[in-house]
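Scroll down for the structure; my scribbles are underneath it.
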Amino acid sequence: MKSAWLPSGRVLARVLRNAVCLSSLLVPLAIGSGQSGDAVRYSDSGPEPMLEQVFRQIGRNRLDLALDQVDALLHIWPNFRLAHLIRGDLLQARSSALTTFGNVPNAPAERLADLRDEAIVRIRAYRDKPPLDRVPRYLLQLPADQRYAVVVDTRRSRLYLYENVDGQPRFVADYYVSHGRLGSEKMREGDKKTPLGVYQVTGFLPPERLTDFYGAGALPINYPNAWDRKQGRNGHGIWLHGTPPDTFSRPPRASDGCVVLANTDFQALNSRLHGASVPVVISDSVEWLSLDDWQAERSEFSRELEQWRRDWESRDVDRYLSHYSPHFTADGKDFALFSQQKRAVNASKKWIKVDVRNLSTLRNPGADPLVVVTFEQDYRSDTLSNVMRKQQYWRKEAGRWRIVFEGAA
27 MKSAWLPSGR
37 VLARVLRNAV
47 CLSSLLVPLA
57 IGSGQSGDAV
67 RYSDSGPEPM
77 LEQVFRQIGR
87 NRLDLALDQV
97 DALLHIWPNF
107 RLAHLIRGDL
117 LQARSSALTT
127 FGNVPNAPAE
137 RLADLRDEAI
147 VRIRAYRDKP
157 PLDRVPRYLL
167 QLPADQRYAV
177 VVDTRRSRLY
187 LYENVDGQPR
197 FVADYYVSHG
207 RLGSEKMREG
217 DKKTPLGVYQ
227 VTGFLPPERL
237 TDFYGAGALP
247 INYPNAWDRK
257 QGRNGHGIWL
267 HGTPPDTFSR
277 PPRASDGCVV
287 LANTDFQALN
297 SRLHGASVPV
307 VISDSVEWLS
317 LDDWQAERSE
327 FSRELEQWRR
337 DWESRDVDRY
347 LSHYSPHFTA
357 DGKDFALFSQ
367 QKRAVNASKK
377 WIKVDVRNLS
387 TLRNPGADPL
397 VVVTFEQDYR
407 SDTLSNVMRK
417 QQYWRKEAGR
427 WRIVFEGAA
């Protein structure tokens, strides 16, 4: 026999909608899926599919089924606080009218707001998935031996894992994440913000070397990078890491700047990365391109880089220096000093040969058109042979890509 529910499912759904501003989010999910199975590429292993079912059953006034779904969810993730909150609302609806989402007497308002925010970003990310023919704008080119790349969207509280398949990014998985409690675009030590930019994982810190706060381990990244330092940004200790053992997930904005995953998600991610040097692009709102547009941007920049290489080999110093910005800096040298040294060096050369191998081309997130290029440079001339890892930052100025920073990678 079905339990008596007060209010009805439709009233409860309205309470949930009004409480967390999900009028355009939960109703479509409750009535039916917003996308067909052929339109998306995701196979989520997290709680989002079950949460979607919970809200769908609530919208259909099937509150017993919604409660069953929540119980099943908590059986898998017993420390999932958002699910406990929804379960409490469903149980209370049997005996009294609900006035808000998270109808818990004397509960801290800030904590309830955090859980509402988590509900919003989880369901929104599940519903509004990028379609099959879109890739992150930032992954222009990965070297053949770079198997994976990570893209983080702080606004959506989502981490996307991509695999390099024949030179093209292919989606693997996505995970809910928490980030800086005061937002993103970190500028200084202690500002409690998550940095935005192109970074690299520098290793793996196992849980045995950390306190319980970091859960299943940590993947430090190289913040501040060369561009951050050039912009005057400082700070340290930005990691991708897990959660304490008694915590399934944290609110969307909860860290001091790190990117935080549920322990199961962190373990799944690291089982592929193995602490290797993997690019991590952190954006406040990921830009998605069609494969045609992605290929066009990739080809445009590849032509610029190849022309730089050829102009260096030509020993025509003016053509070579035309690829460098007047704002260029490297190793403490400005453009004037750099130009002077290059003219003196090239004047003594009879021939120059430059090969570029293992090329990585990653677009920096944000409005400023900036590309981070890393490669193995094999330089040879009649007087010198040298192989090094080089990194350059190219910025589009007056419609043309120019190098604004260059140094050893």
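In terms of the numbering used here, the sequence shown opens at residue 27 and continues consecutively. We put the beta carbon where it would ideally sit given N, CA and C, even for glycine. In this text the structure is predicted, and so the values were computed from the model without any measurement.
Query, Result
"Option in Leu331, His205 and Leu347 with minimal Cα separation from Asp140", "His205"
"Residues sharing a beta bridge with His353, DSSP", "The partner list for His353 (beta bridge, DSSP) is empty, contrary to what the question assumes."
"Simplified DSSP assignment, three categories, for Ile264", "coil"
"Residue ranges of each alpha helix (DSSP H) within the segment 325 to 408, 4 or longer", "343 to 347 and 361 to 373"
"Distance CB(Tyr201)-CB(Asp282) smaller than 8 Å", "no"
"Any non-hydrogen atom of the ligand COA within 7 Å of Thr290 CB", "For the ligand COA, the structure offers nothing, since it holds no ligand at all."
"Cα-Cα separation between Arg383 and Glu211, rounded to whole angstroms", "32 Å"
"Start-to-end residues for the alpha helix (DSSP H) that takes in Ile84", "Glu74 to Gly85"
"Glu234 - DSSP class collapsed to helix/strand/coil", "helix"
"Nearest-angstrom Cβ-Cβ length linking Gln226 and Pro305, presumed shorter than 8 Å", "6 Å"
"Which of helix, strand or coil DSSP assigns to Ala98", "helix"
"Burial state of Ser62 (16 or more Cβ within 10 Å)", "Confidence is the limiting factor: at Ser62 the pLDDT is only 38, short of 50, which leaves the residue's position unreliable, though a coordinate-based value still follows. Exposed."
"Distance between Leu116 and Ala252 (C-alpha atoms, nearest Å)", "51 Å"
"Buried versus exposed call for Asn44 [16 or more other C-beta atoms within 10 Å across all chains shown]", "Low local confidence applies: a pLDDT of 48 at Asn44 is under 50, so the model's placement there is unreliable, and no value is given."
"Residues of its chain near Asp254, where Cβ-Cβ distance is below 6 Å and the 5 sequence neighbours each way are ignored", "none"
"Residue span of the beta strand (DSSP E) that contains Ile247, given as start and end", "Segment: none, Ile247 is in no beta strand (DSSP E) and carries neither H nor E."
"CA nearest to the CA of Tyr152, picked from Ala133, His110 and Met76", "Met76"
"Buried or exposed (CB count within 10 angstroms, at least 16 for buried), Ser183", "buried"
"Which residues DSSP lists as bridging Ser309, in chain order", "Asp179"
"Enclosing alpha helix (DSSP H) for Glu144 [first to last residue]", "Ala135 to Arg153"
"Chain-order list of residues whose beta-carbon lies under 8 Å from that of Trp265 (same chain, five-residue window excluded)", "Leu231, Tyr240, Ala244, Leu245, Pro246, Ile247, Cys284 and Val285"
"Run of the alpha helix (DSSP H) containing Gly206, from where it starts to where it stops", "Run containing Gly206: none in the alpha helix (DSSP H); it sits in the beta strand (DSSP E), Gln194 to Gly206."
"Distance CB(Thr387)-CB(Leu93) smaller than 8 Å", "no"
"Asn412 - partner residues in DSSP beta bridges", "Tyr405"
"C-alpha gap between Gly216 and Thr180, whole angstroms", "18 Å"
"Beta-bridge partners of Pro162, as assigned by DSSP", "Trp314"
"Element boundaries [beta strand (DSSP E), containing Gly229]", "Gly229 -> no beta strand (DSSP E), and no H or E assigned at all."
"Contacts around Ala199, its chain only, beta-carbon distance under 6 Å, and the 5 residues preceding and following it disregarded", "Leu187"
"DSSP-derived helix/strand/coil call for Asn105", "coil"
"Residue burial classification, Ser309 (beta-carbon count within 10 angstroms, cutoff 16)", "buried"
"Ile378 vs Glu323 beta-carbon contact at 8 Å", "no"
"C-alpha gap between Gln403 and Ala170, whole angstroms", "16 Å"
"Boundaries (first-last residue) of the beta strand (DSSP E) holding Ala424", "From DSSP, Ala424 is part of no beta strand (DSSP E); its letter is neither H nor E."
"Nearest to Ile437 (by Cα), restricted to the options Ala435, Arg415, Ser411 and Val399", "The requested residue 437 is not part of the displayed model; the chain covers only 27 to 435."
"Sequence-distant residues of its chain with Cβ nearer than 7 Å to Asn260 (five each side left out)", "Arg214, Glu215 and Pro250"
"Short Cβ contact (8 Å threshold) for Leu208 with Gly392", "no"
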